Amino acid sequence: MKTIGIIAEYNPLHNGHLYQLEQVRSLQKDALIIVVISTSFTERGIPSYLDKYTKTKLCLEYGIDLVVELPFPFATQSADIFAKGAIQILKNLNVDFLYFGSECNDIQKLTELAQETFSEEYQVKVHHYLKEGKNYPTALNMAFLNSETVTTPNDLLGLSYIKEILKQDCSIIPKTIQRTNAFHEEEIMSPISSATSIRKAIISNKDFSMAVPKSAYELLKKKSNFEESYFPFLKYKILSSSDLSIYQTVDEGIEHRIKKVIKESSSMEDFIQKMKTKRYTYNRLKRMCVHILCNFTKEKASKFTEIEYIRVLGFSENGQKYLNQIKKELLVPVVTTLSKGHFDMLEYEKQVTDIYLSTFPHEEAQKLEQLEYSMFPLQQGK
Numbered sequence: 236m237k238t239i240g241i242i243a244e245y246n247p248l249h250n251g252h253l254y255q256l257e258q259v260r261s262l263q264k265d266a267l268i269i270v271v272i273s274t275s276f277t278e279r280g281i282p283s284y285l286d287k288y289t290k291t292k293l294c295l296e297y298g299i300d301l302v303v304e305l306p307f308p309f310a311t312q313s314a315d316i317f318a319k320g321a322i323q324i325l326k327n328l329n330v331d332f333l334y335f336g337s338e339c340n341d342i343q344k345l346t347e348l349a350q351e352t353f354s355e356e357y358q359v360k361v362h363h364y365l366k367e368g369k370n371y372p373t374a375l376n377m378a379f380l381n382s383e384t385v386t387t388p389n390d391l392l393g394l395s396y397i398k399e400i401l402k403q404d405c406s407i408i409p410k411t412i413q414r415t416n417a418f419h420e421e422e423i424m425s426p427i428s429s430a431t432s433i434r435k436a437i438i439s440n441k442d443f444s445m446a447v448p449k450s451a452y453e454l455l456k457k458k459s460n461f462e463e464s465y466f467p468f469l470k471y472k473i474l475s476s477s478d479l480s481i482y483q484t485v486d487e488g489i490e491h492r493i494k495k496v497i498k499e500s501s502s503m504e505d506f507i508q509k510m511k512t513k514r515y516t517y518n519r520l521k522r523m524c525v526h527i528l529c530n531f532t533k534e535k536a537s538k539f540t541e542i543e544y545i546r547v548l549g550f551s552e553n554g555q556k557y558l559n560q561i562k563k564e565l566l567v568p569v570v571t572t573l574s575k576g577h578f579d580m581l582e583y584e585k586q587v588t589d590i591y592l593s594t595f596p597h598e599e600a601q602k603l604e605q606l607e608y609s610m611f612p613l614q615q616g617k
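Count along the sequence shown starting at 1, add 235, and that's the number in the working numbering.
(1) For Y482, write down the residues that DSSP places opposite it in a beta bridge.
(2) So, G549 versus T291, is the Cβ gap smaller than 8 angstroms?
(3) I'd like to know whether the C-beta atoms of G280 and R514 end up nearer to each other than 8 angstroms.
(4) Hey, K410 and Y297 are a contact pair by Cβ (cut 8 angstroms); roughly how many whole angstroms apart?
(5) Are the beta-carbon atoms of P247 and Y284 separated by less than 8 angstroms?
(6) Apply the 10 Å Cβ neighbour rule to N559 and answer buried if 16 or more other Cβ atoms are within range, or exposed otherwise.
(7) Curious, which full-length alpha helix (DSSP H) runs of at least 4 residues does the stretch 236-290 contain?
(8) If you measure between the beta carbons of Q312 and R546, is that distance less than 8 angstroms?
(9) Kindly identify the DSSP beta-bridge partner or partners of L301.
(10) Determine the contact status of I438 and L479, defining contact as a CB-CB distance below 8 angstroms.
(11) Starting from the Cα of F379, find the closest Cα among N389, H491, F353, K533 and give me that residue.
(12) So which of L469, K563, P372 has the shortest CA-CA distance to S501?
(13) Cβ atoms of A321 and V385: under 8 angstroms apart, would you say?
(14) Have a look at T415 and I427 and give me their C-alpha separation to the nearest angstrom.
(15) Excluding the 5 residues flanking P306 on each side, which residues of the same chain have their C-beta closer than 6 angstroms to its C-beta?
(16) What's the gap between the Cα of V350 and the Cα of K402?
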């Protein structure tokens with residue numbers, strides 16, 4: 236049986252994701268699908284609109300066989316670190332193929348560009364452009380030695396995935412699925428719309444039913460977690476911290492500007508807009524905020540550089556069988572319940588989950604916290 240890996244955030248799971256799964260199923264019939272998923276917070280530095288258990292249920296409902304958590308130290312960092320953790324997990328799970336959405340849908344081009352990034356000349360150019368004050372994505376693109384560039388979000392992530400496959404010298408074969416909608420759209424225009432447009436519609440109380448599967452729509456109507464609810468906690472953390480530069484992604488010098496601007500800001504969005512510059516992109520600032528909020532220090536980041544465990548959130552019958560088959564071969568231990576996992580990274584993940592749940596209604600937060608500590612992986616159809 237072939238195994239397919241997908242790296243996702245599903246924030247939220249929408250029709251574009253279902254299209255990707257349908258395409259994978261048509262190309263790889265009877266293959267086992269494994270998803271590595273961000274849970275409490277995401278690569279953009281925003282909270283997940285649905286909790287990890289709700290997302291896992293949706294994954295299983297729509298035919299995914301094995302759902303695995305991407306730990307916070309990887310899930311909330313730049314594309315290269317995000318990719319490193321996810322590929323390490325998929326490599327350990329003996330995945331044959333990695334499928335990802337792509338705007339260019341040209342795996343040869345992305346592979347050639349990925350190989351180019353390892354050259355000394357390329358690295359020197361990146362360093363040069365960063366010193367000039369360019370932000371990291373811009374510096375990466377400007378450093379390419381020919382006219383080819385990668386500027387769209389899925390292709391940028393795909394480039395990072397391929398780089399990590401090469402770095403980790405694993406046998407995973409990358410494959411692309413053509414993206415069918417405009418990544419930058421902010422309004423829902425068709426049944427397959429961007430996650431950005433759907434999140435914007437949810438926050439604005441606009442109808443988004445056309446763009447998500449029915450079960451996801453019903454869940455998102457009832458329970459969604461928004462980043463603005465964390466703003467008072469972030470503000471307190473910033474104002475009460477004597478040294479913000481200890482936190483991951485907070486560059487030395489910017490901490491003084493953060494302390495000044497936070498006092499003048501009325502909301503998370505207001506704060507980000509006042510902080511944003513050519514050097515500090517929207518997403519970079521969002522990640523900075525979530526690292527401060529969750530006490531993710533540079534010390535923790537330097538410690539949590541490799542995957543310590545594989546935490547399984549849910550599986551189908553085939554997924555459970557596959558996991559049992561490969562368990563003894565794995566170099567990284569599998570965690571199916573928190574009571575059996577004793578890793579520093581996992582202990583930190585528990586703290587992050589508690590912070591994530593802090594803005595939920597009390598009864599709901601208590602219920603989810605109990606699930607976090609007591610429940611075994613969710614099973615498809617149960």
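All C-beta atoms in this analysis are idealised placements derived from N, C-alpha and C, irrespective of residue type, glycine included. No experiment lies behind these values; they were computed from the predicted model shown.
Here's the rundown:
(1) For the purposes of this step, residue 482 is identified with residue 247 of the sequence shown, where counting begins at 1. The partner list for Y482 (beta bridge, DSSP) reads T532.
(2) Here residue 549 is taken as the residue at index 314 of the sequence shown, counted from 1. Here residue 291 is taken as the residue at index 56 of the sequence shown, counted from 1. The answer is yes: Cβ separation under 8 angstroms.
(3) Position 45 of the sequence shown, counted from the start, is the residue given in the question as residue 280. Position 279 of the sequence shown, counted from the start, is the residue given in the question as residue 514. Not a contact, by the Cβ cut-off of 8 angstroms.
(4) Sequence index remark: in the sequence shown, residue 410 carries index 175 (1-based). Sequence index remark: in the sequence shown, residue 297 carries index 62 (1-based). Contact doesn't hold; Cβ gap of about 19 angstroms is too wide.
(5) As a working mapping, residue 247 is identified with position 12 in the sequence shown. As a working mapping, residue 284 is identified with position 49 in the sequence shown. The criterion of a C-beta distance shorter than 8 angstroms is satisfied by P247 and Y284.
(6) Taking the first residue of the sequence shown as position 1, residue 559 is located at position 324. Under a 10 Å Cβ-count criterion, N559 is classified as exposed, with fewer than 16 other Cβ atoms of the shown protein chains found around its own Cβ.
(7) The stretch 236-290 contains these whole alpha helix (DSSP H) runs: 250-262.
(8) By one-based count along the sequence shown, residue 312 stands at place 77. By one-based count along the sequence shown, residue 546 stands at place 311. Not in contact: Q312 and R546 (Cβ atoms no closer than 8 angstroms).
(9) For this step, residue 301 is matched to residue 66 along the sequence shown. Under DSSP, L301 forms a beta bridge with I269, F550.
(10) The sequence position of residue 438 within the sequence shown is 203, counting from 1. The sequence position of residue 479 within the sequence shown is 244, counting from 1. Taking C-beta atoms as the reference points, I438 and L479 fail to come closer than 8 angstroms.
(11) Taking the first residue of the sequence shown as 1, we reach residue 379 at position 144. It is F353 whose Cα lies nearest to the Cα of F379.
(12) On the sequence shown, position 266 is the one that residue 501 refers to. With distances taken between Cα atoms, S501 lies closest to L469.
(13) Numbered from its first residue, the sequence shown carries residue 385 at position 150. Numbered from its first residue, the sequence shown carries residue 321 at position 86. In this structure, V385 lies away from A321, with their beta-carbon atoms at least 8 angstroms apart.
(14) On the sequence shown, residue 415 is found 180 positions in, with the first residue counted as 1. On the sequence shown, residue 427 is found 192 positions in, with the first residue counted as 1. Computed Cα separation, rounded: 8 angstroms.
(15) If you number the sequence shown from 1, residue 306 lands on position 71. Around P306: M580, E584.
(16) Residue 350 sits at position 115 when you count from the first residue of the sequence shown. Residue 402 sits at position 167 when you count from the first residue of the sequence shown. Residue 350 is actually Gln in this sequence, not Val. Q350 and K402: Cα-Cα distance of roughly 10 angstroms.
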